[in-house]
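The sequence shown begins at 3 in the numbering used here and counts up by one. Data block below; observations after.
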Amino acid sequence: MSEIVVASWLELIEQLYIDSWQPAFERFRSNYAFRGLSDKKYVLASSLLRLGGNYVDLEFHLLRNFEKYARLEQSTRFSIWDWLAIAQHHGLPTRLLDWTFSPFVAMHFATSEVHKFDSDGVVWCVDFGRLHKHLPQQFRDELSGEGSNVFTVEMLAKISPSRRSLQNFDRLSEVPFMLFFEPPSMDERIVNQFSLHSVISNPRISPDELFARYDDLYKKIIIPASLKWEVRDKLDQANINERVLFPGLDGLCKWLSRHYSPKVCRQ
3 MSEIVVASWL ELIEQLYIDS WQPAFERFRS NYAFRGLSDK KYVLASSLLR LGGNYVDLEF
63 HLLRNFEKYA RLEQSTRFSI WDWLAIAQHH GLPTRLLDWT FSPFVAMHFA TSEVHKFDSD
123 GVVWCVDFGR LHKHLPQQFR DELSGEGSNV FTVEMLAKIS PSRRSLQNFD RLSEVPFMLF
183 FEPPSMDERI VNQFSLHSVI SNPRISPDEL FARYDDLYKK IIIPASLKWE VRDKLDQANI
243 NERVLFPGLD GLCKWLSRHY SPKVCRQ
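Set out below in structure tokens:
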């Protein structure tokens, strides 16, 4: 793993866009997924894992009851991947982890909590193109057949179609694996955040543990506490804020509350 501590806004931008040039088609298209956290000490734990206790056995019951009570239109056509993405989007504990294609959105989440401005933030960067080369063959074949480098819920449903359980997915390989997929564009929040999810085939382990096997596939860019205000103010000027990323009155109020916070905030 590479851990890079940046010293300026310009260095931060440079590090986030490094290796984005794709000579095969002469465009700047990064293969990194980004996740911003307000404290570099935070681990990449899913909301399901953070439940603690016998959380693995709870996964089936959480999803079964979510499907039972959600009563969504056209839900009879949903795969388990649709249900997972919708449940994650609305706050149900799942094995999914939220990421983004956008380094600026990741920077927002690394600097959105004013009460954490005395702590170094972090942006995790994972090369999903290289990570997916370690997937079981049927997944690599699906990506190749679609000419894609990330999955959709429809692509995953072809391989693991069960609507009631993730057990089939977990059994596809004895070696735990992780992949990235795009959630359905169910609302503006998904679209504006340029959202991406990761899913791991063994909910008992965190991405941190899996990444340790592929040390060259990810890096952590550390945003020092002393740089956070500058990053935050420049993101606001670039219109990367809660008002845009969380459309609606709730996002507007979050943005106004943070935007007008004094530089020295009391707990």
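Using N, Cα and C, we set each Cβ at its ideal position, and we do this for glycine too.
Cα separation between Trp126 and Gly253? Taking the straight line from one Cα to the other gives about 24 Å.
What separation, rounded to the nearest whole angstrom, lies between the Cα atoms of Phe119 and Leu65? Their backbone Cα atoms lie some 36 Å apart in a straight line.
In the DSSP assignment, find the unbroken alpha helix (DSSP H) run with Ala72 in it and report its ends. For Ala72, the uninterrupted alpha helix (DSSP H) segment begins and ends at 57 to 72.
Helix or strand or just coil, what does DSSP make of Arg268? Note on Arg268: pLDDT 42, under 50, position unreliable in the model; no value is reported.
Taking its Cβ as the centre, do 16 or more other Cβ atoms sit within 10 Å of Val177, making it buried, or is it exposed? Val177 is classed as exposed because its beta carbon has fewer than 16 other beta carbons within 10 Å across all chains shown.
Contact defined as beta carbons within less than 8 Å: I believe Thr96 pairs with Leu50. What is the distance between those atoms, to the nearest angstrom? A Cβ-Cβ separation of about 5 Å places Thr96 in contact with Leu50 under the 8 Å criterion.
What do you reckon, are the CB atoms on His110 and Asn194 nearer than 8 Å? No.
The region 142 to 159 / the region 80 to 93 touching (three or more Cβ pairs under 8 Å): Result yes; three or more Cβ-Cβ pairs closer than 8 Å.
Tell whether a beta-carbon distance below 8 Å holds between Leu174 and Ser203. A distance below 8 Å separates the beta carbons of Leu174 and Ser203.
Could you tell me the alpha carbon to alpha carbon distance between Phe141 and Phe182, rounded to whole angstroms? Near 11 Å, if we compare the C-alpha coordinates of Phe182 and Phe141.
Trp101 classed as buried or exposed, judged by whether at least 16 other C-beta atoms fall within 10 angstroms: Per the 10 Å Cβ criterion, buried.
With which residues is Lys222 paired in a DSSP beta bridge? Bridge partners of Lys222: Glu5, Trp126.
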